[in-house]
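Peer 1: Quick note: the sequence shown, position 66, residue 120 per my numbering, numbers continuous.
Ideal Cβ placement from N, Cα and C applies to all residues, glycine included.
All figures in this text were calculated on a predicted structure; none of them were measured in a lab.
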Amino acid sequence: MKYLSQSAMAFKHITSLYTAPNYSPFRYTKFFSVLTANSLPSVSLIGPPELYRPPPPPAAKPTKKSDDPFMDLMVANFNKIAAKTPSMVDNHNNLVIPPMGLTENASPTFLSSGNPCLDFFFHVVPGTPAESVNQRLHLAWAHDPLMTLKLICNLRGVKGTGKSDREGGYTAALWLHKNHPKTLALNVDSFARFGYSKDLLEILFRLLEGADARKPAQKVKKELDSWILRSKDKSEGEEKKMARYRASYYGRRLMSKESESLTRAEKRIERAKNVILRFNTDPDFKFLHDRVSDYFAKQLKSDMETLNKGDSEDLFKISLAAKWCPSLDSSYDTFTLLCETIAKRVFPRDEYPEYDGVEEAHYAYRVRDRLRKQVLVPLRKALELPEIYMDNDWGSIPYHRVASVAMKIHKDQFSKHDSERFNEYLEKVEKGEAKIAAGALLPHSIIASLDDKVGGKVAELQWKRMVDDMAEKGSLNNCLAICDVSGSMEGEPMDVSVALGILVSELSEEPWKGKLITFSEKPELQNVVGTSLKEKTRFVKKMDWMMNTDFQKVFDLILQVAVEGKLKPEEMIKRLFVFSDMEFDQASLHPWETDYQAIVRKFKEKGYGDCVPEIVFWNLRDSKATPVPSNQAGVALVSGYSKNLMTLFLDKGGIIDPVAVMEEAISRKEYEDLKVFD
Numbered sequence: 055m056k057y058l059s060q061s062a063m064a065f066k067h068i069t070s071l072y073t074a075p076n077y078s079p080f081r082y083t084k085f086f087s088v089l090t091a092n093s094l095p096s097v098s099l100i101g102p103p104e105l106y107r108p109p110p111p112p113a114a115k116p117t118k119k120s121d122d123p124f125m126d127l128m129v130a131n132f133n134k135i136a137a138k139t140p141s142m143v144d145n146h147n148n149l150v151i152p153p154m155g156l157t158e159n160a161s162p163t164f165l166s167s168g169n170p171c172l173d174f175f176f177h178v179v180p181g182t183p184a185e186s187v188n189q190r191l192h193l194a195w196a197h198d199p200l201m202t203l204k205l206i207c208n209l210r211g212v213k214g215t216g217k218s219d220r221e222g223g224y225t226a227a228l229w230l231h232k233n234h235p236k237t238l239a240l241n242v243d244s245f246a247r248f249g250y251s252k253d254l255l256e257i258l259f260r261l262l263e264g265a266d267a268r269k270p271a272q273k274v275k276k277e278l279d280s281w282i283l284r285s286k287d288k289s290e291g292e293e294k295k296m297a298r299y300r301a302s303y304y305g306r307r308l309m310s311k312e313s314e315s316l317t318r319a320e321k322r323i324e325r326a327k328n329v330i331l332r333f334n335t336d337p338d339f340k341f342l343h344d345r346v347s348d349y350f351a352k353q354l355k356s357d358m359e360t361l362n363k364g365d366s367e368d369l370f371k372i373s374l375a376a377k378w379c380p381s382l383d384s385s386y387d388t389f390t391l392l393c394e395t396i397a398k399r400v401f402p403r404d405e406y407p408e409y410d411g412v413e414e415a416h417y418a419y420r421v422r423d424r425l426r427k428q429v430l431v432p433l434r435k436a437l438e439l440p441e442i443y444m445d446n447d448w449g450s451i452p453y454h455r456v457a458s459v460a461m462k463i464h465k466d467q468f469s470k471h472d473s474e475r476f477n478e479y480l481e482k483v484e485k486g487e488a489k490i491a492a493g494a495l496l497p498h499s500i501i502a503s504l505d506d507k508v509g510g511k512v513a514e515l516q517w518k519r520m521v522d523d524m525a526e527k528g529s530l531n532n533c534l535a536i537c538d539v540s541g542s543m544e545g546e547p548m549d550v551s552v553a554l555g556i557l558v559s560e561l562s563e564e565p566w567k568g569k570l571i572t573f574s575e576k577p578e579l580q581n582v583v584g585t586s587l588k589e590k591t592r593f594v595k596k597m598d599w600m601m602n603t604d605f606q607k608v609f610d611l612i613l614q615v616a617v618e619g620k621l622k623p624e625e626m627i628k629r630l631f632v633f634s635d636m637e638f639d640q641a642s643l644h645p646w647e648t649d650y651q652a653i654v655r656k657f658k659e660k661g662y663g664d665c666v667p668e669i670v671f672w673n674l675r676d677s678k679a680t681p682v683p684s685n686q687a688g689v690a691l692v693s694g695y696s697k698n699l700m701t702l703f704l705d706k707g708g709i710i711d712p713v714a715v716m717e718e719a720i721s722r723k724e725y726e727d728l729k730v731f732d
């Protein structure tokens with residue numbers, strides 16, 4: 055009776071809140087109507103045993119000629135002309151005429167495409183402030199709710215044409231919960247499929263702890279990673295010094311945690327109280343919590359049925375729900391108490407007679423432990439997750455089953471604890487006798503690992519797998535990448551620009567294969583030298599970079615090459631990928647002429663008006679500059695760090711307009727399951 059009486063006291067404390075001055079019966083009526091409409095089972099939340107215990111005491115290669123006249127002329131003359139062409143700069147004191155404005159470098163630009171959904175699709179990139187994301191979401195939702203919902207999922211999407219923007223996806227999900235909670239809750243299955251199941255846990259965590267709860271830890275990690283990156287290419291002695299630094303850093307963190315051990319239990323109790331209070335007083339939160347629990351419970355039940363069939367071929371059908379389901383007393387469990395509500399759905403009272411008459415608290419504790427023993431442990435073993443073997447069975451890790459991100463994270467540990475087997479596996483991958491995963495990785499994140507002693511080999515193999523996988527879907531015909539390497543791109547955007555530029559050059563057919571144009575003050579056509587990814591990346595990064603962003607000069611030089619070489623219109627390059635922040639230099643003598651308008655005018659003046667290249671403007675930095683309006687034919691507006699959107703342009707016909715490209719990005723079958731409910 056001890057647990058029962060204490061539980062009753064806790065319940066009495068919670069229910070007393072219903073008489074508080076800010077209590078609103080309407081919110082609870084709304085909640086019960088939503089709950090009834092979706093037929094979710096009624097599950098109470100008890101919390102961990104600590105809630106009911108007394109508190110603790112205080113305390114350069116030569117390029118051969120090709121059969122393509124345009125490329126031969128470009129290779130022969132582009133850089134020669136660039137070297138002797140003076141910069142074109144003419145400053146004007148123009149008044150701002152809406153909806154136009156100026157780039158950071160004073161070039162006329164549109165400030166919007168005229169379509170709020172397209173603005174969200176084009177302007178939201180990794181690093182975009184939450185305030186800007188939320189503002190664009192409000193405008194886009196007012197324009198087209200269903201399309202905006204699809205774009206939110208595209209922003210987070212890891213597969214297909216998704217942008218893999220995790221932080222942007224979380225920001226959008228929190229906005230959705232605040233403004234359209236039913237729509238988020240009733241689409242949790244889809245949200246998990248576009249990203250991964252862990253996203254649902256993180257959304258609940260941030261609702262409880264605040265949208266910025268992860269920022270302090272992210273800042274520390276970023277600083278440490280930056281220090282490690284600056285320490286690349288060091289001697290073995292310096293590597294050991296770096297390892298000691300890391301050990302010392304984490305040791306200090308561990309000591310800090312040890313010193314706080316007396317308050318850790320108290321913090322856990324406070325977290326549990328916070329969840330229970332929110333669960334019982336916030337209908338929107340409870341509904342989402344229930345939906346997330348229901349999602350995991352259904353997946354786990356289905357996976358157990360598959361596992362119990364005993365068919366080895368069916369094991370590959372088991373989902374990753376068991377991997378991401380919060381373990382008993384894990385970090386996510388202490389913050390969300392999801393383990394309890396999931397366990398109650400997997401082992402409901404009405405289906406298990408052994409729980410008849412058992413007190414609610416005892417029932418909750420028993421099913422949580424049963425979930426771990428009878429569901430999570432066997433499913434995780436069947437999934438052959440590397441974490442299962444990393445304590446004391448390194449020699450049994452099935453490397454061919456290790457996911458791409460896990461391989462990137464744990465590669466050093468694999469090499470340290472299971473060096474012989476791990477190196478044998480990498481050699482087999484190199485020979486084509488085994489495969490390595492790369493699907494969820496971003497191109498620039500692979501390149502970032504190239505200088506690691508172990509990671510370099512893994513990165514080379516993962517890059518090759520990524521290129522091979524994309525090449526199976528098609529190739530890029532008659533295309534060139536133009537990579538912005540100006541000062542405004544410094545940092546991650548420049549790394550992405552280089553990575554995506556190299557990727558385009560490798561996916562392109564001859565004679566464009568292995569070539570790209572870099573532009574800052576002096577554009578250059580580059581024949582990327584090197585046989586390995588590391589050599590190619592180093593070559594591109596050693597090129598002549600300056601602070602300017604003279605975008606117009608790229609096209610001036612292309613036209614000069616074409617005119618001097620008497621290139622036929624039908625021989626002109628067909629498509630150009632522009633990886634940039636769109637903050638181009640002011641270079642036109644025509645007032646309020648945008649960069650794209652200037653390009654079209656110049657091509658017409660030189661007799662190439664009917665063969666202006668299609669341009670894919672690929673935005674890589676938070677910016678308001680918009681090169682063209684939404685109805686501009688022959689242009690695409692895309693953004694982000696993922697290579698996934700590139701599949702839209704593999705072996706495809708002409709680009710229709712920016713809106714058509716956006717609509718194609720969200721046209722896959724999985725987007726059809728999304729529904730707007732409020």
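Please go through the same chain and pick out, in chain order, the residues whose beta-carbon is closer than 8 Å to the beta-carbon of T680, but skip the five residues on each side of it.
Peer 2: For the purposes of this step, residue 680 is identified with residue 626 of the sequence shown, where counting begins at 1. Cβ within range, chain order: T163, F164, L165, S166, S167, D173, F176, H177, M636 and L691.
Peer 1: Pop quiz: M524 and L561 are said to be a contact at Cβ under 8 Å. What is the actual Cβ separation, rounded to whole angstroms?
Peer 2: As a first step, residue 524 is located in the sequence shown; it is residue number 470 there, counting from the start. As a first step, residue 561 is located in the sequence shown; it is residue number 507 there, counting from the start. Going by Cβ atoms, the distance from M524 to L561 rounds to 6 Å, so yes, they are a contact pair.
Peer 1: For a test of the three-state rule: what should DSSP assign to Q580, helix, strand or coil?
Peer 2: On the sequence shown, residue 580 is found 526 positions in, with the first residue counted as 1. Correct three-state label for Q580: strand.
Peer 1: In the DSSP assignment, find the unbroken alpha helix (DSSP H) run with F609 in it and report its ends.
Peer 2: One-based indexing of the sequence shown puts residue 609 at position 555. Looking at the DSSP string, the run of the alpha helix (DSSP H) that includes F609 is F605 to E618.
Peer 1: When you compare each of H454, S373 and L702 to S721 by their alpha carbons, which one comes out closest?
Peer 2: Residue mapping note: residue 721 aligns to position 667 of the sequence shown, counting from 1. Nearest C-alpha to S721: L702.
Peer 1: Starting from V242, trace the alpha helix (DSSP H) both ways and give me its first and last residue.
Peer 2: For the purposes of this step, residue 242 is taken as residue 188 along the sequence shown, with counting starting at 1. Here the alpha helix (DSSP H) through V242 covers V242 to F248.
Peer 1: Using only the alpha-carbon positions, how far apart do A714 and R675 sit?
Peer 2: Working through the sequence shown from its first residue, we reach residue 714 at position 660. Working through the sequence shown from its first residue, we reach residue 675 at position 621. Spanning the two alpha carbons is a distance of roughly 23 Å.
Peer 1: Nearest-angstrom Cα distance between G249 and I206?
Peer 2: Residue mapping note: residue 249 aligns to position 195 of the sequence shown, counting from 1. Residue mapping note: residue 206 aligns to position 152 of the sequence shown, counting from 1. If you take the alpha carbons of G249 and I206, they lie about 11 Å apart.
Peer 1: Would you call the stretch 208-221 and the stretch 238-248 in contact, with 3 or more CB pairs under 8 Å?
Peer 2: Touching, per the Cβ criterion.
Peer 1: Please report how far the alpha carbon of C393 lies from the alpha carbon of K340, in whole angstroms.
Peer 2: Walking along the sequence shown from the start, residue 393 turns up at place 339. Walking along the sequence shown from the start, residue 340 turns up at place 286. Roughly 15 Å separates the two Cα atoms.
Peer 1: List the endpoints of the continuous alpha helix (DSSP H) containing K232.
Peer 2: Taking the first residue of the sequence shown as 1, we reach residue 232 at position 178. Taken as a continuous stretch (DSSP letters only), the alpha helix (DSSP H) holding K232 covers R220 to N233.
Peer 1: With a threshold of 8 Å, are at least 3 pairs of Cβ atoms found where one atom belongs to the stretch 408-424 and the other to the stretch 434-442?
Peer 2: As far as the Cβ criterion goes, the stretch 408-424 does not touch the stretch 434-442, which means the pair count is below three.
Peer 1: Specify, as a first and last residue, the run of the alpha helix (DSSP H) that S469 falls within.
Peer 2: Taking the first residue of the sequence shown as 1, we reach residue 469 at position 415. S458 to H471 is the extent of the alpha helix (DSSP H) around S469.
Peer 1: Determine the burial state of E578: buried for a count of at least 16 other Cβ atoms within 10 Å of its Cβ, exposed for fewer.
Peer 2: Against the sequence shown, residue 578 aligns to sequence position 524. The residue is buried, with at least 16 neighbouring Cβ atoms inside 10 Å.
Peer 1: Does S473 pass the burial test, meaning 16 or more other C-beta atoms within 10 Å, or should it be called exposed?
Peer 2: Translated into positions along the sequence shown, residue 473 becomes position 419. With fewer than 16 Cβ atoms within 10 Å of its Cβ, S473 is classed as exposed.
Peer 1: Grab the span of the beta strand (DSSP E) containing I571 for me, first residue to last.
Peer 2: As a position in the sequence shown, residue 571 is number 517, starting the count at 1. First-last of the beta strand (DSSP E) with I571: K569 to F573.
Peer 1: Relative to the alpha-carbon of A502, which residue among Y409, I463 and K470 has its alpha-carbon at the smallest distance?
Peer 2: Working through the sequence shown from its first residue, we reach residue 502 at position 448. Comparing Cα-Cα distances from A502 to each of Y409, I463 and K470, the minimum goes to I463.
Peer 1: Report the rounded CA-to-CA distance for K620 versus K660, giving the unit in angstroms.
Peer 2: To locate residue 620, count along the sequence shown from 1; it is residue 566. To locate residue 660, count along the sequence shown from 1; it is residue 606. Spanning the two alpha carbons is a distance of roughly 11 Å.
Peer 1: With H, G and I counted as helix, E and B as strand and the rest as coil, what does DSSP make of L172?
Peer 2: Here residue 172 refers to the residue found at position 118 of the sequence shown. In the structure shown, L172 sits in a helix (DSSP, three-state: H, G or I).
Peer 1: Please state whether DSSP places R817 in a helix, a strand or coil.
Peer 2: This structure gives no information on residue 817, because the portion of the chain shown stretches from 55 to 732.
Peer 1: Indicate whether Q516 and A494 have their beta-carbon atoms separated by less than 8 Å.
Peer 2: Taking the sequence shown and counting its residues from 1, one reaches residue 516 at position 462. Taking the sequence shown and counting its residues from 1, one reaches residue 494 at position 440. No. Outside cutoff.
Peer 1: In terms of residues, what are the limits of the beta strand (DSSP E) holding T648?
Peer 2: What you label residue 648 is simply residue 594 of the sequence shown in a count that begins at 1. Where T648 is concerned, there is no enclosing beta strand (DSSP E), given that its DSSP letter is neither H nor E.
Peer 1: Between the alpha carbons of T83 and T225, how many angstroms are there, rounded?
Peer 2: Here residue 83 refers to the residue found at position 29 when the sequence shown is read from its first residue. Here residue 225 refers to the residue found at position 171 when the sequence shown is read from its first residue. Here the model assigns T83 a pLDDT of 38, short of 50, so the residue's position is not dependable and the matter cannot be decided.
Peer 1: If we ignore side chains and look at the alpha-carbon of each, how far apart do T139 and V615 end up?
Peer 2: Along the sequence shown, one-based indexing puts residue 139 at 85. Along the sequence shown, one-based indexing puts residue 615 at 561. Note that T139 scores a pLDDT of 45, beneath 50, so its modelled location is shaky; the value from the coordinates is reported in the next line. Roughly 12 Å between the two C-alpha positions.
Peer 1: Would you please state the rounded distance, in angstroms, between the beta carbons of F657 and L613? I believe it to be under 8 Å.
Peer 2: The count along the sequence shown starts at 1 and reaches residue 657 at position 603. The count along the sequence shown starts at 1 and reaches residue 613 at position 559. About 7 Å separates the two Cβ atoms, so the contact holds.
Peer 1: Are the CB atoms of V421 and F389 within a distance shorter than 8 Å?
Peer 2: The residue given as residue 389 occupies position 335 in the sequence shown. The residue given as residue 421 occupies position 367 in the sequence shown. Cβ atoms of F389 and V421: not closer than 8 Å.
Peer 1: Could you name the residues of the same chain whose beta carbon sits closer than 7 Å to that of R332, not counting the 5 residues immediately before and after it, in chain order?
Peer 2: In the sequence shown, counting from the first residue as 1, residue 332 sits at position 278. Counting only Cβ-Cβ distances below 7 Å, and skipping sequence neighbours, we find L262 and F339.
Peer 1: With DSSP as the reference, label K723 as helix, strand or coil.
Peer 2: Start at 1 with the first residue of the sequence shown, and residue 723 comes out as number 669. Here K723 sits in helix by DSSP.
Peer 1: Where does F671 sit, in a helix, a strand or coil, going by DSSP?
Peer 2: In the sequence shown, counting from the first residue as 1, residue 671 sits at position 617. F671: strand per DSSP, three-state reduction.
Peer 1: Specify, as a first and last residue, the run of the beta strand (DSSP E) that D538 falls within.
Peer 2: The count along the sequence shown starts at 1 and reaches residue 538 at position 484. From DSSP, the beta strand (DSSP E) with D538 extends over C533 to D538.
Peer 1: Taking only the alpha-carbon atoms, compute the straight-line gap between K16 and A375 and give it to the nearest angstrom.
Peer 2: No answer is possible for residue 16: the residues shown for the chain start at 55 and end at 732.
Peer 1: Quick one, are the C-beta atoms of I709 and V730 less than 8 Å apart?
Peer 2: Within the sequence shown, the letter at position 655 stands for residue 709. Within the sequence shown, the letter at position 676 stands for residue 730. Cβ distance not < 8 Å, so I709 and V730 don't count as in contact.
Peer 1: At what residues does the alpha helix (DSSP H) containing M358 begin and finish?
Peer 2: Within the sequence shown, the letter at position 304 stands for residue 358. Residues P337 to K363.
Peer 1: Could you tell me how far apart the beta carbons of L203 and L728 are, in whole angstroms, since I believe they sit closer than 8 Å?
Peer 2: Position 149 of the sequence shown, counted from the start, is the residue given in the question as residue 203. Position 674 of the sequence shown, counted from the start, is the residue given in the question as residue 728. Between L728 and L203 the Cβ distance is about 5 Å, and since that is below 8 Å, they are a contact.
Peer 1: Give the secondary structure of M125 by DSSP, where H, G and I count as helix, E and B as strand, and everything else as coil.
Peer 2: Position 71 of the sequence shown, counted from the start, is the residue given in the question as residue 125. Of the three classes helix, strand and coil, the one that applies to M125 here is helix, per DSSP.
Peer 1: Could you tell me the boundaries of the beta strand (DSSP E) in which F633 lies?
Peer 2: For the purposes of this step, residue 633 is taken as residue 579 along the sequence shown, with counting starting at 1. Its beta strand (DSSP E) spans residues R629 to S634.
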